[in-house]
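These notes are about the structure you will find just below.
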Ligand SMILES: O=C(O)CCC(=O)C(=O)O
Ligand SMILES: [Fe+2]
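Residue numbers (our numbering): 1263 to 1572.
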């Protein structure tokens, strides 16, 4: 079967990169939701004034300068770095709590769904796992802290080498990853090419204890809008943050086909949001129930040959 180069790469190396899959408009929307969410948090803790001073120290302040609009216009990585530092330094919030607020705002605005329903993502995912698709709605965004923040705070979402299978995902799931906010592409992910063919690598204390002597590491440098799709057995880790980088925000998503029941692992502990229906499921939805009575059809007598009810 000829799948094309991209999917061949997924089969061979365990991952594929979809260049420019996400539009600038959608990325901007995700960033705007992030800024609004952080602004609301800072407001709750009376920290907006301090943020203004950090961002615009040289500027004379006038009425209305603390408005959300002003912060939306800021450079996203700079805003993110200062907003994070204030929330981590001056409140009880952890990086996990902060991403959790942003993740929930993303769900409310359908950001995860919009990313997944982008044509170039759909076109590459569906040949691999089909069309009855869900993403794990109890997932999380990742924040990799800058050097300045990580000396002071727990860099909880910075991850050592792992396989998604250890997080409870089944072998038939797929992992999606894309950068949202970062100052450059140097602190993204490192993957081990072809490690998805090694099977389950033994772990202790949240890190692998038996890696082969020789393996090929690839340091990914995705541009904004590029998407990484990888196999749940691929070994990957957060790349160390270079000295000059600001903190990074990225969006990992776990995708599964809920019709594939053979390898559920711990997936049922999570919640899932359906974002695509196969043609077979679409017919089932018309029927509405497993007794196959035409429950949803208003009046079979009134049905036209093309299926419409008049
Ligand atoms: O963003 C990161 O640093 C880690 C992401 C990750 O482990 C994943 O997408 O599965
Ligand atoms: Fe991961």
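All C-beta atoms, glycine included, are put in the ideal place defined by N, C-alpha and C.
- Residue 1525 places its beta carbon less than 8 Å from that of residue 1432.
- Annotation: residue 1479 is outside any alpha helix (DSSP H); the continuous beta strand (DSSP E) that includes it extends over 1479-1481.
- If you check the CB distance, residue 1289 and residue 1486 come in under 8 Å.
- According to the DSSP assignment, residue 1293 belongs to the alpha helix (DSSP H) that extends over 1286-1306.
- Out of 1387, 1350, 1385, 1458, the CA that lies nearest to the CA of residue 1408 is found in 1350.
- If you ignore the 5 residues before and after residue 1297, its C-beta comes within less than 7 Å of the C-beta of 1333, 1334, 1341, all in its own chain and listed in chain order.
- In the DSSP assignment, residue 1359 falls within the alpha helix (DSSP H) that extends over 1357-1370.
- With fewer than 16 other Cβ atoms inside 10 Å of its own Cβ, residue 1265 counts as exposed.
- Bridge partners of residue 1536 according to DSSP: 1396.
- Excluding its 5 nearest sequence neighbours in each direction, residue 1385 has no C-beta neighbour in its own chain below 7 Å.
- With a cutoff of 8 Å on beta-carbon distance, residue 1515 and residue 1397 are scored as near each other.
- For residue 1404, the enclosing beta strand (DSSP E) covers residues 1404-1406.
- DSSP links residue 1277 through a beta bridge to 1492.
- DSSP places residue 1498 inside the beta strand (DSSP E), whose first and last residues are 1498-1500.
- Under the three-state reduction of DSSP output, residue 1459 falls in the helix class.
- The beta-carbon distance between residue 1395 and residue 1519, rounded to whole angstroms, is 6 Å. This is short enough to meet the 8 Å contact definition.
- The segment 1279-1288 makes no contact with the segment 1303-1311: fewer than 3 CB pairs, one atom from each, lie closer than 8 Å.
- In this structure residue 1495 touches residue 1425 by the C-beta definition: roughly 5 Å separates them, less than 8 Å.
- Contact check for residue 1356 against residue 1510 fails: the beta carbons are separated by 8 Å or more.
- Distances from the CB of residue 1567 to the heavy atoms of ligand 2 are all 7 Å or more.
- Shown here for residue 1400: same chain residues with a beta carbon closer than 7 Å to its own, the five before and five after excluded, namely 1532, 1533 in chain order.
- CA-CA distance, residue 1470 to residue 1503, rounds to 21 Å.
- Taking 8 Å as the upper bound for CB-CB distance, residue 1410 and residue 1450 are not in contact here, some 19 Å apart.
- Ranking 1291, 1295, 1328 by CA distance to the CA of residue 1308 puts 1328 first.
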